[in-house]
Amino acid sequence: MALQIELERSPKAYLCNPNVDIPLGERNMRVEDWLNDKIQTTADMNSLSSLLENVNAKQKQLEEQLRDATTKLAEAKSAAANHTSSLVQKTQAFERQQDDLRARLMMLTSSDTPEEAVRLLEGPMEKLRQVELAQAYVELLEDVDGMTKEACQNLPDNPTEALKPYVRLKQLAMALQATQNTTEVTAPHLVAYVEQTATHLWAQMVQIMVKEFQDVLITLKWPDLTVEVSRAWQTCFGRLLDLQAPEIKEAREPLILLPFAVLVKEIELKFRYHFMGTTPTSASSLLGEYYLNWILDVIDSHESYLRVNAGPVLAAHFLGSSLAGNSLYIDPVSAFITALLPLVKDKTEVVLQDIQHDPVHLSKFIGQLMIWDDSIRSKYKYDSGNIEFGWVGVTWHVLDKWFAPWLEAEERFALQRYEDIMQSQDNGNIDYDSNESQKTKTTFGASKVTDLLKTITTQYKDLRRVSHKVRFFLNTQIAVLDRYQIRLSESLDAYISLTSTVGRIATGATKEQQRSVEGMAGLISLCKVFGSADHIISTLESLAYEMVSISIIRYSSIMSSTDMCSTFYVVFDNFSRA
185 MALQIELERS PKAYLCNPNV DIPLGERNMR VEDWLNDKIQ TTADMNSLSS LLENVNAKQK
245 QLEEQLRDAT TKLAEAKSAA ANHTSSLVQK TQAFERQQDD LRARLMMLTS SDTPEEAVRL
305 LEGPMEKLRQ VELAQAYVEL LEDVDGMTKE ACQNLPDNPT EALKPYVRLK QLAMALQATQ
365 NTTEVTAPHL VAYVEQTATH LWAQMVQIMV KEFQDVLITL KWPDLTVEVS RAWQTCFGRL
425 LDLQAPEIKE AREPLILLPF AVLVKEIELK FRYHFMGTTP TSASSLLGEY YLNWILDVID
485 SHESYLRVNA GPVLAAHFLG SSLAGNSLYI DPVSAFITAL LPLVKDKTEV VLQDIQHDPV
545 HLSKFIGQLM IWDDSIRSKY KYDSGNIEFG WVGVTWHVLD KWFAPWLEAE ERFALQRYED
605 IMQSQDNGNI DYDSNESQKT KTTFGASKVT DLLKTITTQY KDLRRVSHKV RFFLNTQIAV
665 LDRYQIRLSE SLDAYISLTS TVGRIATGAT KEQQRSVEGM AGLISLCKVF GSADHIISTL
725 ESLAYEMVSI SIIRYSSIMS STDMCSTFYV VFDNFSRA
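Be aware that the sequence shown starts at 185, since it is given in my numbering, and climbs by one per residue.
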C-alpha cells in the first residue's frame, strides 16, 4: 500500500524511500509540476543550465548529509556496544570479587556460609569501630586544647583575636549538646568536658583581662577620683568591652559591663563592710535610711569622673552599632548604676528577711524603696536600656515576693487610721473654714478622710504593675470609702426614721433624739451628711488618678454617695415644707 503523507494533518516528518514509497506516476507528476513551474516561457529555457547546476548542488548536499548521518549512526552503535561490553565486564568483575570475598570470609572464619561468616566478623568490626571512634575523640580533644591555647596566647594584647577560638569552642560545645540525643553513640562525658572547658576558658580570659585593668587602677590609686586617667586605662577599658562583645550581643537582660564590674569592686567592699557586716549601720532596723542614700552619694561623686573618662570610650566602642542608642551601653552613669544594683538588691533582701514580721517597718521600707527608685529614674534618667517602658525599679522585684504582706499591712494601717478619725472628738463638727464660700461646708472628719485617701493615692500611684495598683486600690481606698459611705448612709437613715411617725414608734426614740432632728439642729445634721458626701465626691474627682481608677471609683462609691445625696434632697424638701 502506498504511504499517504498528509502535511496539513500531521507536523511529523516521514523518512520515505522515493524508489519504493512514492509511486512512479506520482514521481513523474512531481517532476512535470516542477518543470512547468520553472519553465513557463521560451526565455526560461536560457536558464535551464543554471537550474540543472542548482539541482546537482542540492543533490550533493543531501548526499553529504546522508553520509554524515550514516557515520554518526555507526559511531553511536559502536559506543553503545562498547558501553554494553564495559557493563558486562564490570558486572563479571564484581561477581568475581564478591565470590572471592565470600571465599575469604568463609576461609577466615571457618564458616560454611557467608551469613555465618558475617556474624563471626561482627565482633572484630565493632572493635574496629570503637578504635576509630576513640581516634575521633582524641582528635576532638586535641582541637579543644588547641583552641584553648590559641585564645590564651592572644591575651591580654589582642582580645578580639582571642575571641575567635573561644567562639569556635563555644559553638562546638553547643553543637555537641544539640546532637547528643540524636547521635548513634552518646558521649555525655565528652559533651560535659567541652562545655566545662569553654566555661573555664571564658573565666580564664576574663581573669587575665581584669587583672590587667586592676593593675592599671592600682597605679592610678583608684578609687581616687582626682588622679587623671592614663592611656593604659582607656586601652584596658576598651579591651574589656572587646572581650565582652559576644555576651553583649546575646544579652536579653540588663548586662553589667566588665569595666564597670572592675570599677565597683572597691565600692562593693566598702558597701559590704558598712551595711552587710557587724557595724551599727548594718542593722536591718535602720531599713534603707543609710544604705540607699549611700548609693546615691556614690553615684553623685563618680558621675563627673565617669562622664569625662568612660563616656568617650563607650561612645567610640558602640559607634555605628545597634546599641548606639541604648543608654545602658553609651551612658557611663547608667552602666555604673547597673553594676551597683546587685549590691542594693542583696542588702534589700537581707532587710526584708529581718523585718518580715514587723508590718510597720515593712510598710516604711517599701515606701523608701519606691522613693529611691523614683530618684534613680528622675535624677539620672536611668531606664535600664528600656526606652519605651523605663526601669521597673528594685521595688518591682521586691513586690513579686512581698506584695501580699505589704498590702495587708497597708490595709490594716489605713483602716486603723480611719477608725481613729471616726473616734476623734471633732469628727462630726462642721468645718466652717473649709471649701469656698459658694460650696457646702464639710466636717472635720470628712476632711481627714480625704487626706487619708490622698495619702493612699500617693502610695499606690508609684506602683509599676497594674495588678498591684488595682489590688492596692481595692483593698485600701475602696475599703475606706465603703466604710465612710455606710456611716453617712446610716446617719441619713437614722434621721429619716426619727422624723417619721412609724420610725419613732418602731425605734422607740427618746425626746432628746427627737429634738436632735427638729428645727435648726435637724438642718445641721442634714448639712453634715450632705457636706461630707459632697466633699468626698469633689476630692475624688480632683485627684490625679488614671482614668480606669476614676471609673472604678465612680461606679463603686461615688454613685452610692450620689444616691444618698438624692435622698438628702427629698428629706430636705420635706423638712422645708414642715
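Backbone N, C-alpha and C define an ideal beta-carbon position, used for all residues, glycine too.
Alpha-carbon to alpha-carbon, residue j and residue i
{"i": "Ser466", "j": "Glu450", "result": "18 Å"}
{"i": "Tyr668", "j": "Asn659", "result": "14 Å"}
{"i": "Lys354", "j": "Leu360", "result": "10 Å"}
{"i": "Val732", "j": "Pro496", "result": "Residue placement at Val732 cannot be trusted, given a pLDDT of 41 that sits under 50; the coordinates are not used to answer."}
{"i": "Asp530", "j": "Ala678", "result": "57 Å"}
{"i": "Glu487", "j": "Leu599", "result": "44 Å"}
{"i": "Phe140", "j": "Ala663", "result": "Coverage of the chain is limited to positions 185 through 762, which leaves residue 140 absent and any answer about it impossible."}
{"i": "Asp408", "j": "Ser518", "result": "21 Å"}
{"i": "Ser769", "j": "Leu637", "result": "Nothing can be reported for residue 769, as the shown portion of the chain is limited to 185 through 762."}
{"i": "Gln661", "j": "Arg352", "result": "59 Å"}
{"i": "Leu475", "j": "Asn510", "result": "A quick correction: the sequence has Tyr, not Leu, at residue 475. About 28 Å."}
{"i": "Pro589", "j": "Asp542", "result": "10 Å"}
{"i": "Lys565", "j": "Ser651", "result": "25 Å"}
{"i": "Val482", "j": "Lys405", "result": "17 Å"}
{"i": "Ala494", "j": "Val411", "result": "14 Å"}
{"i": "Gln319", "j": "Leu312", "result": "11 Å"}
{"i": "Lys632", "j": "Glu595", "result": "17 Å"}
{"i": "Leu471", "j": "Pro349", "result": "49 Å"}
{"i": "Leu480", "j": "Pro438", "result": "20 Å"}
{"i": "Ile720", "j": "Arg648", "result": "27 Å"}
{"i": "Leu401", "j": "Gln391", "result": "15 Å"}
{"i": "Leu257", "j": "Ala265", "result": "12 Å"}
{"i": "Gln282", "j": "Val272", "result": "15 Å"}
{"i": "Arg761", "j": "Ala717", "result": "In this prediction, Arg761 has a pLDDT of 43, which is less than 50 and means its spatial position is unreliable; what the coordinates show is noted afterwards. Going by the C-alpha atoms only, they are around 24 Å apart."}
{"i": "Val535", "j": "Lys585", "result": "14 Å"}
{"i": "Asp284", "j": "Asp329", "result": "46 Å"}
{"i": "Pro372", "j": "Arg280", "result": "45 Å"}
{"i": "Lys454", "j": "Leu385", "result": "30 Å"}
{"i": "Asp567", "j": "Gly574", "result": "4 Å"}
{"i": "Phe278", "j": "Ala263", "result": "22 Å"}
{"i": "Tyr616", "j": "Lys625", "result": "6 Å"}
Residue i - containing alpha helix (DSSP H), residue span
{"i": "Ala508", "result": "It is not in any alpha helix (DSSP H) - Ala508 carries neither H nor E in the DSSP assignment."}
{"i": "Val544", "result": "543 to 564"}
{"i": "Ile223", "result": "It is not in any alpha helix (DSSP H) - Ile223 carries neither H nor E in the DSSP assignment."}
{"i": "Thr462", "result": "No alpha helix (DSSP H) contains Thr462, which DSSP labels as neither H nor E."}
{"i": "Ser518", "result": "516 to 539"}
{"i": "Glu431", "result": "429 to 434"}
{"i": "Val408", "result": "Here the sequence assigns Asp to residue 408, which means Val is not the residue at that position. Segment: none, Asp408 is in no alpha helix (DSSP H) and carries neither H nor E."}
{"i": "Ser488", "result": "475 to 501"}
{"i": "Ile605", "result": "578 to 607"}
{"i": "Phe167", "result": "Outside the shown range of the chain, which is 185 to 762, sits residue 167, and nothing can be said about it."}
{"i": "Pro438", "result": "From DSSP, Pro438 is part of no alpha helix (DSSP H); its letter is neither H nor E."}
{"i": "Ser446", "result": "One detail in the question is off: residue 446 reads as Val in this sequence, not Ser. Note, Val446: alpha helix (DSSP H), 442 to 447."}
{"i": "Pro343", "result": "343 to 363"}
Cβ-heavy atom distance, residue i to the ligand NAD, below 7 Å
{"i": "Ser488", "result": "This structure simply doesn't include the ligand NAD, nor any ligand for that matter."}
Best match in the options for proximity to residue i [C-alpha to C-alpha]
{"i": "Ser673", "options": "Ile640, Lys638, Val650, Lys712", "result": "Lys712"}
{"i": "Leu665", "options": "Ala678, Tyr644, Ile640", "result": "Ile640"}
{"i": "Met358", "options": "Gln398, Tyr377, Ala265", "result": "Tyr377"}
{"i": "Tyr489", "options": "Asp221, Gly461, Val413", "result": "Val413"}
{"i": "Ser709", "options": "Val633, Ile614, Gly569", "result": "Ile614"}
{"i": "Trp478", "options": "Leu219, Tyr457, Arg491", "result": "Tyr457"}
{"i": "Phe502", "options": "Gly422, Asp646, Met389, Asp217", "result": "Gly422"}
{"i": "Ile521", "options": "Phe549, Asp327, Leu447", "result": "Leu447"}
{"i": "Gly715", "options": "Ser618, Ile670, Asp635", "result": "Ser618"}
{"i": "Glu396", "options": "Glu247, Thr363, Leu246, Leu442", "result": "Leu442"}
{"i": "Leu325", "options": "Gly461, Glu379, Leu583", "result": "Glu379"}
Opposing strand residues paired with residue i [DSSP bridges]
{"i": "Thr627", "result": "Ile614"}
Proximity test, Cβ basis, 8 Å: residue i and chain C
{"i": "Glu334", "result": "The chain inventory of the structure shown lacks chain C, comprising one protein chain alone."}
- Query: Pairing CB atoms from the stretch 601 to 610 with CB atoms from the stretch 556 to 570, are three or more of them under 8 Å?
  - Reply: no
- Between the stretch 420 to 435 and the stretch 338 to 348, do at least 3 Cβ pairs fall closer than 8 Å? yes
- the stretch 543 to 557 touching the stretch 574 to 589, judged by at least three CB pairs closer than 8 Å: yes
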